[in-house]
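J.: Here it is: the structure, laid out below.
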Amino acid sequence: MELESHINFGSNSKREIEPDFFFMMNCLLYSRMETGYPSNHDFYDEDVNVYLANLLCSFMNPEYHRRAKKYLSPYDQSLFEKIKDSSDVRLKYTIYKTNADFLLISIGIFRNPDGRGVSSPLFKHTEEAHMGKGKAYYQFAYSYSQSMFRKPTAISEVLEKLSRGFENYVEILSHMRGEYFNILERLGNGDIYHLERSIDKYQESEELKELRDRFLDLYSAYRKSKDPELRIELEKLVKAIQLIDESFYFKIDD
């Protein structure tokens with residue numbers, strides 16, 4: 046089950062950032078700095094920021110909970126029962142990813158070590174056990190995503206990073222839980238402008254990377270076949286890349 050994106054395109058093709066996403070991203074970035082885990086501290090993880098902000102926004106949507114419910118299992122045994130007889134790699138990926146997401150948010154945002162006042166069975170075990178499960182579930186989701194997509198993808202990289210740095214991300218979210226309600230008071234127009242530029246830059250770099258990969262594959266195929274239709278597609282792709290990277294230049298040799 047993939048997360049809904051909260052960065053959209055308007056009628057004029059301009060990126061429009063939903064207020065909830067914008068707020069969550071602000072809170073997350075401040076929390077990262079205040080906990081000593083700024084973005085890209087140990088490895089590049091701005092992609093994780095975007096994923097977590099989308100995830101937090103999704104948790105405010107009842108429809109997301111309705112769709113996720115059928116994949117959730119509070120105990121390892123019930124989770125294994127869901128997947129043991131299935132040959133559907135996408136189903137296994139979705140189950141592990143959804144459960145990992147809920148563990149991350151449950152521990153980080155809705156932490157309650159004693160289990161009082163929380164009806165979810167997720168809190169009946171120790172936090173340490175939850176941490177271990179969260180890391181393992183993200184790792185399984187990462188492995189199944191590789192089998193499913195059969196090539197490196199942005200989501201695969203994010204899942205691997207979430208598994209590797211699970212404890213740090215929990216700490217960041219825990220700090221965010223106690224601090225984010227007053228974060229807007231600390232934002233000035235300059236902060237908002239730089240955040241918007243940061244998000245735009247990330248989105249453009251991801252799009253450019255994907256276009257360049259497609260260009261290399263298409264150009265390789267064209268050199269072998271000299272297919273006129275491939276040449277037309279190649280020309281369109283060159284123009285698409287140039288819309289993002291004006292310095293890109295390529296002349297197709299006949």
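Under my numbering, residues 46 to 299 are what the sequence shown spells out, in order.
In this text, a Cβ means the ideal position worked out from N, Cα and C, and glycines have one as well.
Since this is a predicted model, take the numbers as computed values, not measurements.
1. Between the Cα of F185 and the Cα atoms of K196, R259, E172, L207, which residue gives the shortest distance?
2. So, is F88 buried or exposed, given that buried needs 16 or more other C-beta atoms within 10 angstroms?
3. I'd like to know if the stretch 176-184 and the stretch 136-149 are in contact, where contact means that at least 3 CB-CB pairs between them fall below 8 angstroms.
4. Where do the ends of the alpha helix (DSSP H) carrying R195 lie?
5. Since Y109 is in the alpha helix (DSSP H), which residue starts that stretch and which ends it?
6. Just to confirm the assignment, what range does the alpha helix (DSSP H) spanning Y75 have?
7. Can you round the beta-carbon distance between L218 and H175 to whole angstroms, since I take them to be within the 8 angstroms contact cut?
8. Quick check on D130: does DSSP put it in helix, strand or coil?
9. By Cβ distance below 6 angstroms, which residues in the same chain neighbour E109 in space, the five residues on each side in sequence not counted?
10. By DSSP, does G153 sit in helix, in strand, or in coil?
11. Helix, strand or coil for S190, going by three-state DSSP, please let me know.
12. May I ask which residues mark the beginning and end of the alpha helix (DSSP H) holding S219?
13. If I'm right that Y189 touches V134 with Cβ under 8 angstroms, what's the distance once you round it to whole angstroms?
14. Quick check on this structure: which residue in L256, H86, Y96 has the alpha carbon closest to the alpha carbon of M70?
15. Quick one: what does DSSP say S270 is sitting in, helix, strand or coil?
T.: For this structure:
1. Of K196, R259, E172, L207, the residue nearest in Cα terms is L207.
2. Residue environment for F88: exposed (fewer than 16 other C-beta atoms within 10 angstroms of its C-beta).
3. The stretch 176-184 makes contact with the stretch 136-149, as at least three CB pairs between them are under 8 angstroms.
4. For R195, there is no enclosing alpha helix (DSSP H), since its DSSP letter is neither H nor E.
5. Unbroken alpha helix (DSSP H) run through Y109: 107-114.
6. Y75 -> alpha helix (DSSP H) spans 64-79.
7. In this structure, L218 and H175 do not form a Cβ contact; the two beta carbons are roughly 13 angstroms apart against a cut-off of 8 angstroms.
8. In the displayed model, D130 falls within coil according to three-state DSSP, outside both helix and strand.
9. Strictly speaking, residue 109 in this sequence is Tyr, with Glu absent from that position. Excluding five sequence positions before and after Y109, the CB atoms of its chain that fall closer than 6 angstroms to its own CB belong to S103, given in chain order.
10. In the three-state reduction of the DSSP assignment, G153 falls in the helix class, which pools H, G and I.
11. In this structure, DSSP gives S190 a helical state, which the three-state scheme calls helix.
12. It spans 211-224 - the alpha helix (DSSP H) in which S219 sits, taken as one unbroken run.
13. About 6 angstroms; that satisfies the 8 angstroms criterion.
14. Distance from the Cα of M70 is smallest, within the candidate group L256, H86, Y96, for Y96.
15. Helix at S270.
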